[in-house]
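Since the structure comes first, as structure tokens, the remarks are kept for the end.
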Amino acid sequence: MKSLLFLHRLLLIQELKMKAVPDTLCIDIGGTGVKLIVVDSKGTPLCDRKRCETPHPGTPDAIIEVIEQLTSEVPGFDRVAVGFPGVVRNGIIETAANLDVNWPGTNLAVLLEHQLSKPTRVANDADVQGYGCVSGEGVEMVLTLGTGMGSALFVDGSLVPNLELAHHLFKKSKTYEDYVGRMALESTGKDKWIKRVERVISTTKHIWNWDLLHLGGGNSKLLKEVELSNEVILHSNKAGVLGGYFLWENYQSS
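So the number in my numbering is just where the residue sits in the sequence shown, counting from 1, plus 44.
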């Protein structure tokens with residue numbers, strides 16, 4: 045069975061290489077929503093972003109069903125890039141704190157290649173967003189503020205994968221995600237939550253001495269009126285989807 049899957053994947057990659065200007069289906073799987081868009085060979089969107097609420101429970105089968113449904117609403121594509129909210133190694137899911145308990149051990153890359161018949165790459169969602177955000181110079185950190193908190197670290201454009209800062213202890217018994225995740229926003233209110241985010245920014249600066257901090261995710265929009273330093277850059281929620289294009293480009297150039 046494994047040899048057949050390998051052969052199938054090899055044929056898909058060879059098919060992709062024969063196409064000079066591949067279009068990419070970029071998928072962002074989150075604890076609240078599943079989003080996707082198709083971009084051309086230059087990363088330019090070919091359609092409006094499509095979104096569907098994340099099913100509960102967010103099992104592998106349920107998520108893949110949502111992806112199949114959404115792909116029926118977009119133009120054709122040649123390759124697939126996926127950002128997933130958890131640790132990912134070689135397309136295999138290791139953790140999924142904000143989804144279903146059945147995710148660990150799931151080879152999402154292989155499953156989607158089988159369902160969509162296109163070569164697929166899967167990585168941590170904050171890592172994917174970072175590929176689309178970073179300048180490539182110095183130490184850059186990415187934090188995504190949504191259902192949970194995603195994190196990524198880049199040094200001169202090179203990724204330190206699967207940082208998963210969200211589940212480290214931050215204050216007393218609270219993790220970073222406990223402190224600034226969606227549940228914290230709902231329980232404390234916007235003003236207090238913003239103060240918490242500012243404390244997280246300050247703490248990460250002192251620990252990692254980053255040159256630039258990139259803030260994304262759905263709740264980052266609440267920081268638009270906040271006076272942030274020149275070292276902190278806000279990105280729209282679309283960056284998490286569009287970063288999939290750069291996931292493929294980075295892989296091909298490495």
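All C-beta atoms, glycine included, are put in the ideal place defined by N, C-alpha and C.
Q | Limits of the unbroken alpha helix (DSSP H) element including ASP72 | A | For the purposes of this step, residue 72 is taken as the residue at position 28 of the sequence shown. First-last for ASP72: 68 to 73, but that is the beta strand (DSSP E), not the alpha helix (DSSP H).
Q) How would you write the range of the beta strand (DSSP E) that VAL131 sits in, first residue to last? A) As a working mapping, residue 131 is identified with position 87 in the sequence shown. Where VAL131 is concerned, there is no enclosing beta strand (DSSP E), given that its DSSP letter is neither H nor E.
Q: Drop a sphere of 10 angstroms on the beta-carbon of ILE251, count the other beta-carbons inside from all chains shown, and report buried for 16 or more, exposed for fewer.
A: On the sequence shown, residue 251 is found 207 positions in, with the first residue counted as 1. Exposed, because fewer than 16 other Cβ atoms sit within 10 Å of the Cβ of ILE251.
Q) For GLY287, does the three-state DSSP call read helix, strand or coil? A) Along the sequence shown, one-based indexing puts residue 287 at 243. Note: GLY287 maps to helix in three-state DSSP.
Q. Alpha carbon to alpha carbon, how far is GLY130 from HIS212?
A. Here residue 130 is taken as the residue at index 86 of the sequence shown, counted from 1. Here residue 212 is taken as the residue at index 168 of the sequence shown, counted from 1. Their backbone Cα atoms lie some 14 Å apart in a straight line.
Q) Using DSSP with H/G/I as helix, E/B as strand and the rest coil, what is ALA140? A) Against the sequence shown, residue 140 aligns to sequence position 96. In this structure, ALA140 counts as coil in the three-state DSSP scheme.
Q | Delimiting residues of the alpha helix (DSSP H) encompassing CYS91 | A | As a position in the sequence shown, residue 91 is number 47, starting the count at 1. That residue, CYS91, is in no alpha helix (DSSP H); it is neither H nor E in DSSP.
Q: Whole angstroms is fine: what's the gap from THR219's alpha carbon to VAL65's?
A: As a position in the sequence shown, residue 219 is number 175, starting the count at 1. As a position in the sequence shown, residue 65 is number 21, starting the count at 1. Cα-Cα distance, rounded: 43 Å.
Q.
If you reduce the DSSP assignment to three classes, tell me which class ARG202 lands in.
A. Taking the first residue of the sequence shown as position 1, residue 202 is located at position 158. Note on residue identity: the sequence assigns Ser, not Arg, to residue 202. Correct three-state label for SER202: strand.
**Q.** Candidates ASP171, ASN263 and ASN253: closest to MET227 by CA position
**A.** One-based indexing of the sequence shown puts residue 227 at position 183. Ranking ASP171, ASN263 and ASN253 by Cα distance to MET227 puts ASN263 first.
Q: Helix, strand or coil for ASN253, going by three-state DSSP, please let me know.
A: Position 209 of the sequence shown, counting from 1, holds the residue named residue 253. DSSP places ASN253 in coil when its eight states are reduced to three.
Q: Identify, in the order they occur along the chain, each residue of the same chain with its Cβ nearer than 8 Å to the Cβ of PRO119, setting aside the five sequence neighbours on each side.
A: Position 75 of the sequence shown, counted from the first residue, corresponds to residue 119. Closer than 8 Å at Cβ, skipping near neighbours: ASP67, VAL82, LEU90 and CYS91.
**Q.** Cβ neighbours of GLY135 in the same chain (closer than 8 Å, five flanking residues each side left out)
**A.** Taking the first residue of the sequence shown as 1, we reach residue 135 at position 91. Excluding positions up to five away in sequence, the list reads ASN151, LEU152, ALA153, VAL154, THR164, ARG165 and VAL166.
Q: Would you kindly report the start and end of the unbroken alpha helix (DSSP H) that includes VAL156?
A: On the sequence shown, residue 156 is found 112 positions in, with the first residue counted as 1. Here residue 156 is Leu; the residue named in the question, Val, does not match the sequence. Counting along the chain, the alpha helix (DSSP H) containing LEU156 begins and ends at 152 to 160.
Q: Let me know if GLY288 comes out buried or exposed under the rule of 16 or more other beta-carbons within 10 Å of its beta-carbon.
A: Looking up residue 288 in the sequence shown gives position 244. Buried is the call here.
Q: Check whether the Cβ atoms of ALA140 and CYS70 sit closer than 9 Å, and answer yes or no.
A: Within the sequence shown, the letter at position 96 stands for residue 140. Within the sequence shown, the letter at position 26 stands for residue 70. Not closer than 9 Å, so no.
(Q) Please state the DSSP three-state secondary structure of HIS258. (A) Locating residue 258 in the sequence shown gives position 214, counting from the first residue. Looking at HIS258 - three-state DSSP - the assignment turns out to be strand.
Q.
Residues in the same chain with beta-carbon distance under 6 Å from ASP259, minus the five sequence neighbours each way, listed in chain order, please.
A. Along the sequence shown, one-based indexing puts residue 259 at 215. The sequence given here has Leu at residue 259, not Asp. Taken in chain order, the residues that qualify are LEU187 and LEU278.
Q: Give the straight-line distance between the Cα atoms of GLN113 and ARG95, rounded to the nearest whole angstrom.
A: Sequence index remark: in the sequence shown, residue 113 carries index 69 (1-based). Sequence index remark: in the sequence shown, residue 95 carries index 51 (1-based). Cα to Cα, the separation comes out at about 10 Å.
**Q.** Nearest candidate by alpha-carbon position, reference ASP169, set PRO104, ALA283 and SER231
**A.** The sequence position of residue 169 within the sequence shown is 125, counting from 1. Among PRO104, ALA283 and SER231, the Cα nearest to that of ASP169 belongs to ALA283.
Q | DSSP beta-bridge partners of MET193 | A | In the sequence shown, the residue the question calls residue 193 occupies position 149. For MET193, which the question treats as bridged, DSSP gives the partners LEU189.
(Q) I'd like to know whether the C-beta atoms of ALA203 and LEU209 end up nearer to each other than 9 Å. (A) Position 159 of the sequence shown, counted from the first residue, corresponds to residue 203. Position 165 of the sequence shown, counted from the first residue, corresponds to residue 209. A small correction: the amino acid at residue 203 is Leu; Ala does not occupy that position in the sequence shown. Contact: no.
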